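Chemist: Protein chains in written order, with numbering that gives the first Met the number 0: chain A, 0 to 334; chain B, 0 to 334; chain C, 0 to 334; chain D, 0 to 334.
Got a structure for you, written out below as structure tokens; questions coming shortly.
Protein chains: 4
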Amino acid sequence: MLVVMDKNATAEQIERVVRAIESRGYTARPIPGGDRVSIGILNNAGPVDPALFAGMPGVKDAIAVTRPYKLVSREIQPSDTLIQVGHVTIGQGHLTIMGGPCAIESEQQAMTIAEHVKTGGGHLFRGGAFKPRTSPYTFQGMGLEGLKIMAKVRDTFDMPVVTEVMDSETFDMVEEYADIVQIGTRNMQNFSLLKRAGQSRRPVMLKRGMSATLEEWLMAAEYILAGGNRNVILCERGVRTFVRHSRNTLDLSVVPVILKESHLPIIVDPSHAAGVRDQVLPLSRASVAAGAHGLMVEVHHQPDQALSDGAQSLYPEQFATLCRQAHQMHAMLQE
Amino acid sequence: MLVVMDKNATAEQIERVVRAIESRGYTARPIPGGDRVSIGILNNAGPVDPALFAGMPGVKDAIAVTRPYKLVSREIQPSDTLIQVGHVTIGQGHLTIMGGPCAIESEQQAMTIAEHVKTGGGHLFRGGAFKPRTSPYTFQGMGLEGLKIMAKVRDTFDMPVVTEVMDSETFDMVEEYADIVQIGTRNMQNFSLLKRAGQSRRPVMLKRGMSATLEEWLMAAEYILAGGNRNVILCERGVRTFVRHSRNTLDLSVVPVILKESHLPIIVDPSHAAGVRDQVLPLSRASVAAGAHGLMVEVHHQPDQALSDGAQSLYPEQFATLCRQAHQMHAMLQE
Amino acid sequence: MLVVMDKNATAEQIERVVRAIESRGYTARPIPGGDRVSIGILNNAGPVDPALFAGMPGVKDAIAVTRPYKLVSREIQPSDTLIQVGHVTIGQGHLTIMGGPCAIESEQQAMTIAEHVKTGGGHLFRGGAFKPRTSPYTFQGMGLEGLKIMAKVRDTFDMPVVTEVMDSETFDMVEEYADIVQIGTRNMQNFSLLKRAGQSRRPVMLKRGMSATLEEWLMAAEYILAGGNRNVILCERGVRTFVRHSRNTLDLSVVPVILKESHLPIIVDPSHAAGVRDQVLPLSRASVAAGAHGLMVEVHHQPDQALSDGAQSLYPEQFATLCRQAHQMHAMLQE
Amino acid sequence: MLVVMDKNATAEQIERVVRAIESRGYTARPIPGGDRVSIGILNNAGPVDPALFAGMPGVKDAIAVTRPYKLVSREIQPSDTLIQVGHVTIGQGHLTIMGGPCAIESEQQAMTIAEHVKTGGGHLFRGGAFKPRTSPYTFQGMGLEGLKIMAKVRDTFDMPVVTEVMDSETFDMVEEYADIVQIGTRNMQNFSLLKRAGQSRRPVMLKRGMSATLEEWLMAAEYILAGGNRNVILCERGVRTFVRHSRNTLDLSVVPVILKESHLPIIVDPSHAAGVRDQVLPLSRASVAAGAHGLMVEVHHQPDQALSDGAQSLYPEQFATLCRQAHQMHAMLQE
């Protein structure tokens, strides 16, 4: 933390900031500059809140110098985290593709799509049993019944399954059936849920919030690691911007930054970023080319009939093309 | 909903869209235009998801024409909702000011600040007992003990209190002590929590999500009303933009739009929008001038010592100025 | 500037950064911290580009500490700039209201509206002769003829006029007829135009770019001041965000920040921020309440017939209400 | 255009909208719906401004149904535009890589880098002679001298060159030396410059504005085509968002959308999107994978010494890697 004083800050104002720093147990180191004084804060165990000093008299700015995250940081753990789910390994050196419908609608629908995912080249089956929906009047998912269908998919096709958990009340239930528990975009900073996920025995896929900074996202993951669960997969799914030709704007620059800052695996969900089918294949290729460890895409055999998000679901043959192209790209990058 | 076809869409593609519309029980009304056909969707009971049609062959666009919200809409209920909390009325014609610290830190701190809020001209006391914090390593609030302190504030100063609830597990507890239960920005689309709030006997203050559209915000409120609780107060607190001179960008245009679209009261929290003290007074005045029904601001007698958000907390004398100016402005607008 | 090194940066990497700083004539001051070294840059005459160091090996971050602007800064000139245009003074302590149509469409239209602006309480007449239009196929303004009409408005109603200049080629012409020359949003970083404006004998109103940061905006003004023209009026007109209920999001927090950072007058254009008439009056009041020195609003006696931006133009009687309320608010703040 | 009326709009209000539509020479087609009337607008030659109707009494919304662009649209010209520059073809089926320094700093610098670009696998040499700089106090480019150096590069290495033009005054000069004339981000809606570019005999590379929508960008290109110059190359370079880990957010979803909506070539500039070197290679690969027709990247042999944008410039060996990987990816996609 660097506290930058006004050009005409008085000695008393500087002294007051120094005392405020020291009263919190940190070390204050004034740095006289060309035309103003700055004060460095040292020996802070955890992150320091810039807001603590930004409002004091004579202070022009308070600038965070170090990152607030610890356990998720590559500075703490240089080696990549690899996550094992059944016979699938997720992380550096691997490309993991997860496919399936937005929502589980029936056993027949799930089994049909799962077969397409399997034969198309997918490694995991995704599907929603508890669905966060903008409107209280639309289909909210099949709940427990949906989870049971997913378990059947896993057993039938020998494919691990990933599904979303929406609250702590149903966490036990979801954890029982899912191989990977997903925390959705809208819950990225549901801290109660993150704490529960920290106690889970399942790997957790943490989707980036709609307008989350890199730091907020990693701090959300930090909650899970701090709770004792080190198996976190990050999932970029587009952020909200002024752009209107796609539902969200996929932020692929986050992929190399995560690879540098953190040891956790990072995958990309192009379906929710795009919102329309036509963009999913190009964005999937782009994600792998940017270095992502995997993809999560929506697939439906009858997208016109889907109860949710049909417009962004790939047809099975498109999914097969995606798997083929993604693996080709990934192989090229491993050379 | 209007489904706009490509210029060169075939008759078969048009027919397929018509069938898709009718298969969902709606009426399809093709509208031949100058150089392309559009298809109106009629007789839909609830909202229709544009995504259902946007991805079909020959479709250029699917445009939502009507609003998806019902119970929160002024089209359904033309008269303003007024919410009574103790002897305080919140809504059209009233200006309600809520002040207090970001977090309850001790009984002494709370009582000291509450006295300043009361004498400064505030109507409600705000304070956090359960704090959503970006970092797992920072102060998370006093919990139940904090709630009890708030109850004591209410009894001592005869001022209703508002505090945040973070999850369903602690909802009963918060509800027992708070006069208004606040759902925070990061939980605006925590649909499980919204459903629980729908069953609450307390008025709920619903803060706007960091990047929520008007529609998403009103639909979140719709969850609470649909659950049976009609006492919802909306709270604008700034949205996330590229701007860096304030923590968030206060969106005051939302105030007249809410007044037009909904019958629910709308208040503004300029403290979280600004992030720094200097902007709070101007933005408070601006909020009242824009037509807001109230303000929620952070006040602290020793902001340098605050455990959270000190930089944005007003000094007690600033809060008194704010109350005076806000009431003057409000009176002027009532003339 | 503070260059923050990686935790495990080598002595050689640190030395290399020091040399790079010194090779540019600055002073490097290494600051050993708890677990990493930072290097302060001192004695730089102008701003230092963080990008110069951010990409060097071993560098974690390069953080600008001081502001890059000089002439526009209140640190350089503490007293407010007041701008005199005819008998109108613009700046601290005054409230200046500019009204008129988006585009000059005919002499009759201009004279009719000007009369409404005058009697309604406006101080300046605004109108476009050269119109920046998104589409090449829509009305582009009356050009020279429009300027002549504006001159006639000034003479008839004894009201100074403000109009936009779009390029250096027509600058002489606009300067001849206008009392204030406006540089539009889309040209905020048209640096050739800014340089020309720096040589103008007219005050310049510089609108904020659609997605300009505070710093970019002030640096654009700095171009004009550096060119020799100290009479610059800043005009906030909304920024582009994800929000869809208004055309742009009016950023009123910029008003107190400009008042603190700069000595230049700041006015607000709520019409372009809103895009629809209903929001203009509330946002106008909010702007004055936030401390703006003036307003620029669109007025039209027949908005349904306007050749551009009719939907956001006030009816004359609305403009009169706006003037009355704005002056009341301003008077209250002067007390 | 579809004008959506309020639920309780009166017959008179509907009639007034119909008359307003017809008074502009369009056809009005009222569409009675379930609970409200909408009015379609037909037989409009060009685009209709929604704002014309959005503010009328009884109108809830005015929704643009068709796209406002014509000449740039694939609906008008289904076949891809291919642009020939010397022996280089730009457009569908080709991958064109442009490399070079941000700014031309000296003949020696330019020739050194150009040799690296040529041997690394680049097709065009880029470099700035006129530099748009945020600050008036930083290096503004070598001007004419820089252009002459670029011409020498072209002759020496048989490589076409691309450089930016900042205003109409210097357009003739730039056009004389450049093979492709670039219009920069900050000038995307400098309509005077676009009109001049429409009369140019050179292909124009039009960078996307910092916060331009797809529509605004294509309409800016429409200005150039409408002026008579059909050789326009679009260049995505990142948009401004809340994100802070990259300078801008590269919007790769725009690539497939442009490919669908327009016949013009689209290339990507990952250097300005990233702002830091580490992200350039992953984003370059991602751009090609998304379907872009080319890349424009910054290269410098001594980035620490560069007068501008050194942090985002690739080292020559990184550029060679980029060319190799990009061509591999492009070849894979052509299969």
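Beta carbons: idealized from backbone N, C-alpha and C, even for Gly.
All of these numbers come straight from a predicted model, not from anything done at the bench.
1) Anyone know if the C-beta pair for A:V287 and A:P269 falls short of 8 angstroms?
2) Against chain A, which members of the region 123–137 of chain B pass a CB distance test of less than 8 angstroms?
3) What are the boundary residues of the beta strand (DSSP E) that includes B:I75?
4) Classify B:A273 as helix, strand or coil using the three-state DSSP reduction.
5) In chain B, which residues lie with their C-beta within 7 angstroms of the C-beta of C:G359?
6) Could you check the C-alpha separation between D:P49 and C:P135 for me, to the nearest Å?
7) Could you tell me which chain D residues have their CB closer than 8 angstroms to the CB of A:M331, listed as they occur along the chain?
8) Measuring CB atoms only, is the region 118–136 of chain D touching the region 173–183 of chain D, in the sense that at least three cross pairs come out at less than 8 angstroms?
9) May I ask you to list the residues that DSSP assigns as paired with B:C234?
10) If we cut at 8 angstroms on Cβ distances, does D:V275 have a partner in chain C?
11) Would you mind telling me which residues of chain C sit closer than 7 angstroms to D:M209, beta carbon to beta carbon, in chain order?
12) B:A19 touches chain A at which residues, Cβ-Cβ below 8 angstroms?
13) According to DSSP, which residues form a beta bridge with C:I38?
14) What residues are listed by DSSP as bridge partners for D:D60?
15) Any idea which residues DSSP pairs D:S261 with across the strands?
16) My guess is that B:F156 and B:A113 are in contact by the Cβ rule of under 8 angstroms, so how many angstroms apart are they, rounded?
17) Residues bridged to A:F124 by DSSP?
18) Are the region 271–291 of chain B and the region 305–318 of chain B in contact at 8 angstroms, needing three or more beta carbon pairs?
19) Applying the criterion that 16 or more other CB atoms from any shown protein chain within 10 Å of the CB defines a buried residue, is C:G92 buried or exposed?
20) Give the DSSP bridge partners of D:G290, in chain order.
21) Taking C-beta pairs closer than 8 angstroms, name the residues in chain D that B:I30 reaches, listed in chain order.
22) Count the other CB atoms within 10 Å of the CB of D:D154; is the residue buried (16 or more) or exposed (fewer)?
23) Just how far apart, CA to CA, sit B:M209 and C:A211?
24) Looking at chain C, which residues of the region 147–162 of chain A have a Cβ within less than 8 angstroms of any of its Cβ atoms?
25) Could you list the residues in the region 60–88 of chain C with a C-beta less than 8 angstroms from some C-beta on chain A, going in chain order?
26) Going along chain A, which residues have a C-beta under 9 angstroms from B:R236?
27) Taking C:E174 as the reference, give the member of C:N186, C:V161, C:C234 with the closest Cα.
28) If you draw a straight line from the C-alpha of B:S261 to the C-alpha of B:V71, how long is it?
29) Mark C:S252 as exposed unless 16 or more other C-beta atoms lie within 10 angstroms of its C-beta, in which case mark it buried.
30) Check whether the Cβ atoms of C:H299 and C:S283 sit closer than 8 angstroms, and answer yes or no.
31) From the beta carbon of D:S199, is the nearest beta carbon of chain C less than 8 angstroms away?
32) Cβ atoms of B:L193 and B:L233: under 8 angstroms apart, would you say?
33) Whose CA, out of A:I13, A:Q188, A:A285, A:N228, lies closest to the CA of A:L213?
34) Determine whether the beta carbon atoms of C:P264 and C:A289 lie at a separation below 8 angstroms.
35) Could you tell me whether the region 299–310 of chain B touches the region 93–109 of chain B, using the rule of 3 or more Cβ pairs below 8 angstroms?
36) Which whole-angstrom value describes the C-beta separation of A:T240 and D:T240, a residue pair presumed to lie in contact below a C-beta threshold of 8 angstroms?
Modeler: According to the structure shown:
1) No, these two residues do not count as a Cβ contact at 8 angstroms.
2) Flagged, chain order: P131, R132, T133, S134, P135, Y136, T137.
3) Per DSSP, B:I75 lies in no beta strand (DSSP E) and is assigned neither H nor E.
4) Annotated three-state conformation of B:A273 is helix, per DSSP.
5) The question about residue 359 of chain C has no answer here: the residues shown for chain C are numbered 0 through 334.
6) Distance between the alpha carbons of D:P49 and C:P135 is about 17 angstroms.
7) In chain order: Q324, Q327, M328, M331.
8) The answer is yes - the region 173–183 of chain D touches the region 118–136 of chain D, with three or more Cβ pairs under 8 angstroms.
9) Looking at the DSSP assignment, B:C234 forms a beta bridge with B:K206, B:I266.
10) For D:V275, the nearest CB of chain C lies under 8 angstroms from its own CB, placing it at the interface with that chain.
11) Within 7 angstroms Cβ-Cβ: S210.
12) In chain order, D303 make up the part of chain A whose C-beta sits under 8 angstroms from the C-beta of B:A19.
13) The partner list for C:I38 (beta bridge, DSSP) reads C:V2, C:P29.
14) Paired residue(s): D:V3.
15) D:S261 is bridged to D:S72.
16) Between B:F156 and B:A113 the beta-carbon gap is near 5 angstroms, inside 8 angstroms, which marks them as a contact.
17) Beta-bridge partners assigned by DSSP to A:F124: A:G98, A:V160.
18) Yes, since at least three Cβ pairs between the region 271–291 of chain B and the region 305–318 of chain B fall closer than 8 angstroms, the two stretches touch.
19) Only exposed fits C:G92, as fewer than 16 other CB atoms lie within 10 angstroms of its CB.
20) Note: D:G290 sits in no beta bridge, so no partner.
21) Chain D residues near B:I30: R28, I30, G39.
22) Answer is exposed; the Cβ neighbour count stays below 16.
23) If I take the Cα positions, the gap works out to 20 angstroms.
24) Contact annotation: in the region 147–162 of chain A, no residue has its CB less than 8 angstroms from a CB in chain C.
25) Answer in chain order: D60, I62, V64, T65, E74.
26) Here the premise fails: no neighbours, minimum Cβ distance about 13 angstroms.
27) Relative to the Cα of C:E174, the nearest Cα in the group C:N186, C:V161, C:C234 belongs to C:V161.
28) Spanning the two alpha carbons is a distance of roughly 6 angstroms.
29) Buried.
30) Not a contact, by the Cβ cut-off of 8 angstroms.
31) Not closer than 8 angstroms to any Cβ of chain C, the Cβ of D:S199 fails to qualify, so no.
32) No. Outside cutoff.
33) The residue among A:I13, A:Q188, A:A285, A:N228 with its C-alpha nearest the C-alpha of A:L213 is A:Q188.
34) The criterion of a C-beta distance shorter than 8 angstroms is not satisfied by C:P264 and C:A289.
35) The answer is yes - the region 93–109 of chain B touches the region 299–310 of chain B, with three or more Cβ pairs under 8 angstroms.
36) A:T240 to D:T240, Cβ: 5 angstroms. Contact.
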